[in-house]
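To keep things clear, I will list the structure first and then write my remarks on it.
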Amino acid sequence: MRRIRWNTPLVTALTGLGLITLLGIVAPFLAEEEATALSGAARAHASSEHWLGTDALGRDVLARTLVATRLTLEMTLAATAIAAVTGILLGAGVWVSGRRVRELGLRLIDVMISYPALILALVIATVLGTGPTASVLAIGLGGAPAFARLTANMAASVAQRDFVTQARLMGVPPYRVLVRHLLPNVAGPLLVLLSVAFANVLVALSGLSFLGVGVQTPDYDWGSLLNSGLASLHTNPAEAIGPAVAITVTGVLAGFVGDGLAAALDPRAGRAKVAAARPVVTAPSHRAPGEALVTVDGLAVVLPDGTRLVDDVSFHVMPGEIVGLVGESGSGKSLTAMSVARLLPEGLAAHAAELTLDDLDLAAPGTDPKRLATEIGVVFQDPSSSFNPALRMSGQLSETLRVHQGVRGAEADRRAIEALERVRIKEPARVMKQYPHELSGGMRQRAMIASALLPGPRLIVADEPTTALDVTVQAEVLDVLKDINRRRGTSVLLISHDIGVVGTVCHRIVVMYAGRVVEELSAADLRAGRVRHPYTRALLAASPRLRDTGTGDRAPLATIPGRPPAPAARPSGCAFAARCPVVLDTICATERPRLIDDVACHAVRQEVQAE
Ligand SMILES: Nc1ncnc2c1ncn2[C@@H]1O[C@H](COP(=O)(O)OP(=O)(O)OP(=O)(O)O)[C@@H](O)[C@H]1O
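Under this note's numbering, the first residue of the sequence shown carries the number 582, and numbering increases by one thereafter.
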């Protein structure tokens, strides 16, 4: 389960419930005597002696409400535990069973769910009789179907995931798959349901006691106190107030715990696509050509603890140019590109001497969101998660037009259809009426490009747009990007771990390693094999597409030994030194190479100086 991100409603509600539990523990010791003492004044009004008045036998209502806290909480906890344990076992059992039993079990759970829990509990209570034990069993069993359905449904959705399939293929027994892989992944939603169920169980148990089929005299819980208060509701309303307030406050606090947990466990809360933290402008060091569309100078992306994930990155993108950012996983390509699009994950800060798109200062605190949304289009890696599965394509495609340009109705549809045609989607009018899942992966990615194109951006940031697609579809999508660049002059910042892809699509390539730029070169040089940095050489040797066209070399593909260092463990010298075939004795270990003449390598520098 993910780590819980504590939030104010969650902490407040848990503190409140903690105090009520404490009250439940101590109240019987402190107020038991007063709660059972007969004062002689039956149904007395609220007074300084009896703050909530007295009941029909003259007993203090406030003291009885406080003492009833323990039994009420014990019963609520027990019934919630029964509901959760029975439900989870039922849901998990259904999932572990064979297909037929599973189908039957799921239908049975559906039937039980459609039957209101309180009615189910009343039926069970009628069979079991009255009293606390019967109530707890009835309400506990009545609440079990909700847990069963959540467990079974969540387990079914997690069961489709690759790691579960792999565990099953490896012959791991179903119950082990359940305990090791499934339950930990559904624990979050179950925890949320648990707190909501606690509130429901409290109300249901109080309801049974209120109806007279729950706790019986001489025992009393909040529900039975409410029942006795009802008799004098018109003459002495204070008598009903104590238990009513207790039930409401406890139920609401439990509900807040559920709400707080849902927010605390929501993965999107931590990785919200929000604007980057305000970059701090330092003295400019890198000079991009004056007419550059995008200028990135001295960019650093920093964690709150000061770790630099991306460090001193500078490059530019000219109007109408396709620039590729290439490097292994973790080299900092996405963070660099997302800094340009101002879509850094929450918690990361971008600092740069200059970060601009033409005259738009991407470093300025209040960059106009309308200009950002219309001038930069973003295409993400996974086309299956780029669109909302519950909405038709038409509404989603024209969203930016509607929100930022006020274009609506037939005009928005017409422009969306035009954009779909531009990305070579056949029958665009029909596609507009379809849902995302009805399109193939390649179509979805082209539709994503169409959506990014709609507001007429000057730059498209495409973050590994073809990684999730198969090879033939990859080529189609890359072709579409090239075509848009050619026809409309839209600049593209293309992120890829595949040097073959950037070599065939881009005009210029920026090679990144361990958060820094190690080489910048033209596509022509790359294709001809005129690369200088040993890391770029290694990437090229590992790429079948470019190595064969560039050098004619037919030797087996090379792999790059070792792994890039983690951001916090980057050495003070060259980060590639440990894997470098041409590493120099001292300097590479001690001094970080600077980007000079488009390459950051001590060995290359020495060679140049020797010539
Ligand atoms: N939100 C984050 N919090 C902490 N570290 C992060 C975060 N996002 C990325 N990183 C780390 O920053 C480094 C660079 O990440 P980035 O996603 O830019 O790499 P990348 O080159 O795009 O790799 P990939 O191709 O795998 O996406 C990696 O070491 C990554 O683990």
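Every residue, glycine too, gets a C-beta built ideally from N, C-alpha and C.
Computed from a predicted structure; not experimentally measured.
Closer than 7 Å: is that where the CB of residue i sits relative to any heavy atom of ligand 1?
| i | result |
| --- | --- |
| Glu902 | no |
| Val915 | Residue identity differs from the one stated: residue 915 is Ser in this sequence, not Val. At least one heavy atom of ligand 1 is nearer than 7 Å to the Cβ of Ser915, so yes. |
| His932 | no |
| Leu929 | yes |
| Gly911 | yes |
| Glu1045 | yes |
| Gly1143 | no |
| Pro926 | yes |
| Leu884 | yes |
| Leu1050 | no |
| Gly905 | no |
| Gly557 | The question about residue 557 has no answer, for the chain in this structure spans 582 to 1192. |
| Pro946 | no |
| Pro1146 | no |
| His1078 | yes |
Please work out which residues of its chain come closer than 6 Å, Cβ to Cβ, to residue i, disregarding the five sequence neighbours upstream and downstream, and give them in chain order.
| i | result |
| --- | --- |
| Ile720 | Ala660, Ala702, Val782, Ala785 and Leu786 |
| Val796 | Pro713, Ser790, Asp802 and Ser805 |
| His1183 | Leu1165, Ile1168, Cys1169 and Pro1174 |
| Ser912 | Met1093 and Tyr1094 |
| Val773 | Gly839, Leu842 and Ala843 |
| Asp949 | none |
| Gly672 | Ala729, Thr732 and Ala733 |
For residue i, which option in the options has the closest C-alpha, if you only look at C-alpha atoms?
| i | options | result |
| --- | --- | --- |
| Gly621 | Phe610, Tyr1016, Ala608 and Ala637 | Ala637 |
| Arg624 | Ala618, Glu615, Gly634 and Ser1072 | Gly634 |
| Glu956 | Asp939, Ser967, Ser965 and Asp963 | Asp939 |
| Thr1053 | Leu1035, Val1082, Ala665 and Thr1071 | Val1082 |
| Ala1056 | Gly679, Ala698 and Asp1079 | Asp1079 |
| Arg923 | Ser910, Glu909, Val959 and Val898 | Val959 |
| Asn1066 | Ser809, Ala1123 and Met899 | Met899 |
| Ile1177 | Ser967, Met919, Phe896 and Gln986 | Phe896 |
| Leu658 | Thr602, Glu684, Leu643 and Leu699 | Thr602 |
| Pro1152 | Gln1187, Pro1115, His1114 and Arg1097 | Arg1097 |
| Leu598 | Asp886, Gly832 and Asp892 | Gly832 |
| Val883 | Ser776, Ala845, Pro926 and Glu909 | Pro926 |
| Met1024 | Gln1015, Ile1006 and Ala1010 | Ile1006 |
| Pro770 | Glu615, Ala845, Ile828 and Leu811 | Ala845 |
| Pro964 | Ala1043, Ala698, Gly723 and Ala954 | Ala1043 |
In three-state terms, what does DSSP make of residue i?
| i | result |
| --- | --- |
| Pro926 | strand |
| His626 | coil |
| Arg1089 | strand |
| Thr589 | helix |
| Gly851 | Unreliable positioning characterises Gly851 in this predicted model, as indicated by a pLDDT of 43, which lies under 50. The coordinate reading is nonetheless provided below. Here Gly851 sits in helix by DSSP. |
| Tyr801 | coil |
| Ala945 | coil |
| Phe896 | strand |
| Ser776 | helix |
| Ala1191 | helix |
| Tyr756 | helix |
| Val1180 | strand |
| Ala864 | Per-residue confidence for Ala864 stands at a pLDDT of 40, beneath the threshold of 50, marking its modelled position as unreliable; the derived number appears in the next sentence. It is coil, neither helix nor strand. |
| Thr711 | coil |
| Ala931 | strand |
| Leu1034 | helix |
| Ala971 | coil |
| Ser1077 | strand |
| Gly810 | helix |
| Gly1060 | Note that residue 1060 corresponds to Asp in the displayed sequence, not to Gly. Three-state result, Asp1060: helix. |
For chain D, check one thing: does any of its Cβ atoms lie closer than 8 Å to the Cβ of residue i?
| i | result |
| --- | --- |
| Cys1161 | The displayed structure is made up of one protein chain only, and chain D is not part of it. |
Got a sec? Which residues, its chain only, sit under 8 Å from residue i by beta carbon, not counting five neighbours each side?
| i | result |
| --- | --- |
| Arg983 | Arg989 and Ala993 |
| Lys1063 | Ile903 and Val1086 |
| Leu1020 | Met974, Val1012 and Ala1028 |
| Val1112 | Glu1100, Leu1102, Asp1106, Arg1118 and Leu1121 |
| Val862 | Model confidence at Val862 stands at a pLDDT of 38, short of 50, so the residue's coordinates are unreliable and nothing is read from them. |
Quick one: what's got a C-beta closer than 7 Å to residue i's C-beta in the same chain, skipping five residues either side?
| i | result |
| --- | --- |
| Leu687 | Val675 and Ala733 |
| Asp1179 | Glu1100, Glu1101 and Leu1102 |
| Ala715 | Ala706 and Leu709 |
| Pro860 | Low per-residue confidence applies at Pro860: pLDDT is 42, beneath 50, and the placement is therefore not dependable enough to give any value. |
| Arg1160 | Ile1141, Pro1142 and Gly1143 |
| Ala594 | Leu834, Phe837, Val838 and Gly841 |
| Gly793 | Asn808 |
| Ala997 | Ser975, Leu978, Ser979, Met1013 and Leu1035 |
| Leu1001 | Pro1009, Val1012, Ala1028 and Ala1031 |
| Ala616 | Arg640, Asp641, Ala644, Arg645 and Val648 |
Residue i: beta carbon under 7 Å from a heavy atom of ligand 2?
| i | result |
| --- | --- |
| Leu890 | This structure does not include ligand 2; its bound ligands are ligand 1. |
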